[in-house]
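So our numbering is basically just the index in the sequence shown, starting at one, shifted up by 45. Positions of the beta carbon are idealized from the N, C-alpha and C atoms, including for glycine.
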Amino acid sequence: MGFSKVLKAASVAASIAAISATSSFAVTNQFRGTNWADKRDNFVSDVLKLSGMTGTEDYQAAYALSDRVMSQFVEKLGINSLRIPINEPTALKAWSSYKGIIDGILAHGRMLIGYWGPAQPAGPKNMDDWWKMWDTVVKEYGSNPDAYFEIFNEPHMYSKTELRDLYAKWLARYPDLPRDHVLLDGSGLAWNVPDIADDSRFDGCLFAVHEYTFWNMSITTEQGWMNSFKGKVGKYADRTVATEWGGAMGPGDKNGVHYEIMDYNDPNPKNYFMAYIRGMSEQLRQWKMGSFYWVGLRDGDWYSMVTRSGEGANTTLNIVNQSGVDRMQYSWTDTVEVKPVPQEPFKGQALAIPGTIQMEDFDIPGVGKDNDSYKDDSENHGDSDYRKDTGVDLYAKSNDRIVVGYNQAGEWLEYTVNVAEDGDYTMFAAVASANNTSSFKLSMDGKDITDTIKVPQATAGEDNYDDYNKVSANVTLTKGEHIMRFTVTGSWMDIDYINFVKGKDGEDDSPIPGKEEEKKEEDDSQSIGFAGSLNLDFSASQEFNVFAVTGKHIGRVQLTGSTAQELSSSLKDAGFANGMYMVRGNHGNVTRVQVK
46 MGFSKVLKAA SVAASIAAIS ATSSFAVTNQ FRGTNWADKR DNFVSDVLKL SGMTGTEDYQ
106 AAYALSDRVM SQFVEKLGIN SLRIPINEPT ALKAWSSYKG IIDGILAHGR MLIGYWGPAQ
166 PAGPKNMDDW WKMWDTVVKE YGSNPDAYFE IFNEPHMYSK TELRDLYAKW LARYPDLPRD
226 HVLLDGSGLA WNVPDIADDS RFDGCLFAVH EYTFWNMSIT TEQGWMNSFK GKVGKYADRT
286 VATEWGGAMG PGDKNGVHYE IMDYNDPNPK NYFMAYIRGM SEQLRQWKMG SFYWVGLRDG
346 DWYSMVTRSG EGANTTLNIV NQSGVDRMQY SWTDTVEVKP VPQEPFKGQA LAIPGTIQME
406 DFDIPGVGKD NDSYKDDSEN HGDSDYRKDT GVDLYAKSND RIVVGYNQAG EWLEYTVNVA
466 EDGDYTMFAA VASANNTSSF KLSMDGKDIT DTIKVPQATA GEDNYDDYNK VSANVTLTKG
526 EHIMRFTVTG SWMDIDYINF VKGKDGEDDS PIPGKEEEKK EEDDSQSIGF AGSLNLDFSA
586 SQEFNVFAVT GKHIGRVQLT GSTAQELSSS LKDAGFANGM YMVRGNHGNV TRVQVK
């Protein structure tokens with residue numbers, strides 16, 4: 046790739062000049078990084094020995110090795126940042142040697158140092174030693190503008206509250222450290238940034254996220270991996286760094302399957318590794334997110350971007366898989382401009398207004414700022430195979446319908462629409478909710494065309510998302526092609542479709558399947574006068590059939606009453622929850638009764 050050649054030709058001086066730029070970022074692409082790891086993995090209980098170290102180095106020998114490794118990383122991979130581990134024994138027993146490692150890195154670029162404890166279900170064995178470790182590191186490098194600090198790698202042993210409190214205590218202990226030089230891992234295995242990021246105590250800090258194939262090997266598409274990654278980051282991409290992501294570079298075996306060296310430049314992934322590397326690098330690029338590939342150098346690891354030969358100052362690094370390097374470099378955006386690609390209509394052409402818009406047919410997302418076609422902050426909870434590679438929660442319903450569910454406040458979907466002519470229209474939406482706080486609004490080209498529209502609560506059942514109802518609003522539209530956005534303003538609602546008809550207070554020409562009979566029964570109930578006194582005398586106790594407003598039979602009860610209010614009290618005494626019901630007595634007529 047031409048980009049690769051440009052990077053290799055860049056001088057160390059240019060790299061350092063880029064590093065010295067402002068530390069105020071709206072994105073995190075200042076980090077073009079990889080990891081240098083212990084052959085045993087970094088989860089060790091004794092002194093760390095990064096690949097190439099013998100454990101006997103003094104400061105000078107450690108510096109010579111590190112200077113050689115980092116300079117070749119810069120030359121051959123084009124990185125400007127290197128991530129390394131720290132633990133208590135290394136800081137308290139071998140600090141002089143490890144300073145040589147750190148100083149050799151800082152001679153050529155940025156250094157991110159993060160805590161790795163031994164592999165165990167609990168936190169540090171001795172918190173006093175843990176604090177001494179960080180006191181040592183921060184005292185030595187806290188004022189270095191190219192030193193960054195990751196408080197705790199993959200803190201899975203802490204609850205959300207415990208982790209937040211640990212981070213807050215750490216920040217209070219080192220108040221002079223610039224906040225944008227501190228990285229906080231998401232909860233779990235650094236896979237839940239939103240768990241941490243909404244805490245105001247961490248304002249100004251950066252966040253760290255990890256993503257790997259072995260957490261979900263069922264994902265086999267680039268878009269699937271992009272969606273998985275989005276779920277771990279949420280809305281905090283502009284403050285997050287992917288401190289670990291990586292896949293197989295050399296040949297190897299996984300779950301009984303042998304893999305030869307793969308071509309990650311192939312646009313047609315043949316397995317989940319290829320889909321992952323391509324999807325991750327694409328999402329990092331779109332977000333302009335900084336990253337540290339796992340792993341740059343680790344002896345014996347088939348994920349390693351390079352292999353090592355020679356020792357100390359004579360160490361030589363050799364690239365294992367150039368296509369892997371290409372995709373890593375493709376993810377970087379601090380030296381290249383990302384060309385935007387606009388979103389596109391899902392079915393190839395704009396959806397017509399007047400007409401019905403199926404909510405599952407939202408636009409295909411583009412590339413770059415303002416070219417997303419949806420925002421969904423959670424993983425895909427849906428059960429439909431339709432567009433399953435997106436992060437949008439799609440559910441299969443009766444009559445071959447697909448609906449958008451699990452909607453949470455702040456999420457949105459966009460649709461390219463074509464309005465036939467200027468004028469007034471009536472919008473009808475088929476919606477369902479088990480809550481009384483669900484709502485949404487519509488906008489065109491960034492301007493609201495409706496107020497917030499409340500979604501009716503289901504009238505039967507505490508968790509009923511099958512009771513669909515219509516809500517409507519009058520809107521004024523202009524002729525031509527537009528981007529319509531559906532925005533959730535109140536959580537936990539489902540939506541099937543939106544129908545636009547010409548004219549103000551128009552008549553809906555797209556009824557909800559199964560609602561025709563309900564409407565007939567409702568019309569019948571109106572003739573009985575359910576809002577006031579009934580035109581029949583039910584003062585004597587008699588048996589009633591009780592139906593939900595959807596027409597579903599709920600039960601049979603003995604009721605007494607001559608008014609709707611009395612029937613309502615009888616239903617409530619019989620144990621019916623608040624809501625609207627249809628009751629039918631022996632006379633055969635239907636009456637609508639609300640229980641409050």
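With a threshold of 16 other CB atoms inside 10 Å of the CB of residue i, please say whether the residue is buried or exposed.
i	result
M98	buried
T67	Bear in mind that a pLDDT of 31 at T67, under 50, signals an unreliable position, so the model cannot answer this.
T523	exposed
A167	exposed
N74	buried
T206	exposed
K333	buried
T513	Sequence check: residue 513 is Tyr here, not Thr. Classification of Y513: buried, given that the 10 Å Cβ count is 16 or more.
H527	buried
M172	exposed
E562	A caution first: E562 carries a pLDDT of 46, below 50, which makes its placement in the model unreliable, though a value can still be read off. Flag for E562 reads exposed.
G159	buried
So what's residue i in DSSP terms, helix, strand or just coil?
i	result
G231	coil
F391	coil
Q639	strand
S336	strand
E207	helix
Y219	coil
Y281	coil
Y626	strand
E552	coil
A465	coil
W260	helix
G357	helix
D493	strand
K499	strand
A213	helix
K617	helix
D225	helix
F247	helix
E456	coil
L676	For residue 676 there is no data in the structure shown, the boundaries of the chain being 46 and 641.
Does the distance from the C-beta atom of residue i to that of residue j stay below 8 Å?
i	j	result
K277	E256	yes
P390	A465	no
T360	L95	no
V437	V449	yes
P410	Q388	yes
L122	V286	no
A477	T534	no
P314	E356	no
L234	R284	no
V516	A474	yes
S642	E459	Since the first residue shown for the chain is 46 and the last is 641, residue 642 is missing from the structure and cannot be characterised.
V546	D553	yes
A339	G269	At residue 339 the sequence reads Trp, which differs from the Ala that was named. No; because the gap between Cβ atoms is not below 8 Å, this pair is not in contact.
Could you spell out the range, first to last residue, of the alpha helix (DSSP H) harbouring residue i?
i	result
N272	267–278
Y317	317–332
E185	172–186
A192	Segment 192–195 is the beta strand (DSSP E) holding A192; no alpha helix (DSSP H) there.
D112	104–117
G291	Neither: G291 is in no alpha helix (DSSP H) and is coded neither H nor E.
D240	239–242
V72	First-last for V72: undefined, no H or E at that position.
Where do the ends of the beta strand (DSSP E) carrying residue i lie?
i	result
E526	525–535
P130	126–131
G409	The displayed chain sequence assigns Ile, not Gly, to residue 409. I409 -> no beta strand (DSSP E), and no H or E assigned at all.
Q403	400–403
S484	484–489
V302	302–304
G369	Careful: G369 lies outside any beta strand (DSSP E), inside the alpha helix (DSSP H) at 367–376.
E521	Note on identity: in this sequence residue 521 is Thr, with Glu being the wrong assignment. Counting along the chain, the beta strand (DSSP E) containing T521 begins and ends at 514–522.
L439	439–442
R446	446–452
K121	Segment: none, K121 is in no beta strand (DSSP E) and carries neither H nor E.
I540	538–547
Step through the CB atoms of chain D and report whether any lies within less than 8 Å of the CB of residue i.
i	result
L122	Protein chains in the displayed structure number just one, and chain D is not present.
### Message
Ignoring anything shorter than 4 residues, give me the alpha helix (DSSP H) runs that lie fully in the segment 135–170, in order along the chain.
### Response
Fully enclosed alpha helix (DSSP H) runs of 4 or longer: 140–151.
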